[in-house]
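Since the structure comes first, as structure tokens, the remarks are kept for the end.
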Amino acid sequence: MRSMTGFGRGRARGERVHVQVDLKSLNHRFLEVRVRGLGDLPLLAARCEESLKERFGRGTIEATVSLDFLGFPRPKYINREAAKGLWEELRRLSRELGAPPPSLEALLGLGVVQEGIPDEEALWPVISEALEEAMIALERAREEEGRRLREALLREADTLEELLRKAEDEVPRSLERFKEKLRENLVELGQLDETRIALEVSIWAERADVREELDRLRSHLERLRGLLEAEGPVGREMEFLAQEIGREANTLAAKSRGVPLGEIALELRLCAERIREQARNVE
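This is how it looks when you write it as structure tokens:
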């Protein structure tokens, strides 16, 4: 089990470039990858994104790639199309204003000189090395946080099991309390009738029957324990499972005919919500 939150950094050095990759991972229902720092190198950005998607299954992953060319200047070139357009505009403006014609020096100061794009194929091995190191570091961070999440979820599973045991024990006691209370009321009214008591108890038991809800809750508990031992992404299914546990707890609360069972149902709802909150952090 892995968390979706973590940080990883990787560095690599080539002949003329030093690369640093920082990876930050946050919670997200699905997988979303963003690569920054390679705006003029789209092919490299796409390869970084592809590598990250192959490695991770869920979460928002932000990758920041920093390139240091170690004092080697990137080659410069003149954007000829932009220069031609600006030159014509400057000449037109000078005629309208009656000003001297533009100079080449003025044109070059208007941003038509740009840095050349590095050889992406030559850069990729260095970037790939730094990215791999960063991904390993991020995986370790997510696994470490995942271990803490698993421990917390195991405690919640134990709590859920204890609450289910209490609910299962409480059901027959609730029925017996209802039967005794009904008997007391009928005695006070002088209308004690065992046949009527049996009928009323039967009706009450049918309306308050929560065996199906308890069976489904126990099934959900078994599935939760299975997910806690599973490999790979399980967070989305765990969130759904917590939602189902909460739904069964709500039904249990609606059917409860006594304070003890109602309180247990409330505790089950709270437990389901805690499981859901933890599952939102699980890959």
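Residue numbers (our numbering): 348 to 630. For every residue, glycine included, the Cβ atom is placed at its ideal position computed from N, Cα and C.
(message) I want to know whether the stretch 596 to 615 touches the stretch 490 to 499 - three or more CB-CB distances under 8 Å.
(response) no
(request) Would you tell me roughly how many angstroms separate the C-alpha atoms of R572 and L511, rounded to the nearest one? (result) 15 Å
(message) Here's a check: name, in chain order, each residue in its chain whose Cβ is nearer than 8 Å to the Cβ of E517, leaving out the five neighbours to either side.
(response) G605, P607, L608, I611
(message) For I408, list the residues DSSP reports as bridge partners.
(response) S372, V380
(request) Return the CA-CA distance between T290 and E578, expressed in angstroms with no decimal places. (result) The requested residue 290 is not part of the displayed model; the chain covers only 348 to 630.
(message) For R363, report the span of its alpha helix (DSSP H) as first-last.
(response) Careful: R363 lies outside any alpha helix (DSSP H) and carries neither H nor E.
(request) Identify the continuous alpha helix (DSSP H) that holds N597 and give its terminal residues. (result) 582 to 602
(request) Just tell me which of V366, R360, R349, Q625 has its CA closest to the CA of R402. (result) R349
(request) Please determine, among F354, L617, R616, V629, the residue with the shortest C-alpha to C-alpha distance to L478. (result) F354
(message) Please list the terminal residues of the continuous alpha helix (DSSP H) segment that includes G573.
(response) 558 to 575
(request) With a threshold of 16 other CB atoms inside 10 Å of the CB of R438, please say whether the residue is buried or exposed. (result) exposed
(request) Could you name the residues of the same chain whose beta carbon sits closer than 8 Å to that of R360, not counting the 5 residues immediately before and after it, in chain order? (result) V366, V473
(request) Please state whether DSSP places D505 in a helix, a strand or coil. (result) helix
(request) Look at the alpha carbon of E491 and the alpha carbon of L485, and state the distance between them as a whole number of angstroms. (result) 10 Å
(request) Check L414 in the structure and name its three-state DSSP category. (result) strand
(request) In the DSSP assignment, find the unbroken alpha helix (DSSP H) run with L399 in it and report its ends. (result) 389 to 402
(message) Determine whether the beta carbon atoms of G593 and E620 lie at a separation below 8 Å.
(response) yes
(message) Quick check: what's the CA-CA separation for F587 versus T407?
(response) 20 Å
(request) Closer than 8 Å by C-beta to H375: which residues in its own chain qualify, once you throw out the five before and the five after it? Chain order, please. (result) M351, R405, G406, T407
(message) Once the 5 residues before and after I622 are set aside, which same chain residues still bring their CB inside 6 Å of it?
(response) E503, A589
(request) Indicate whether E584 and E560 have their beta-carbon atoms separated by less than 8 Å. (result) no
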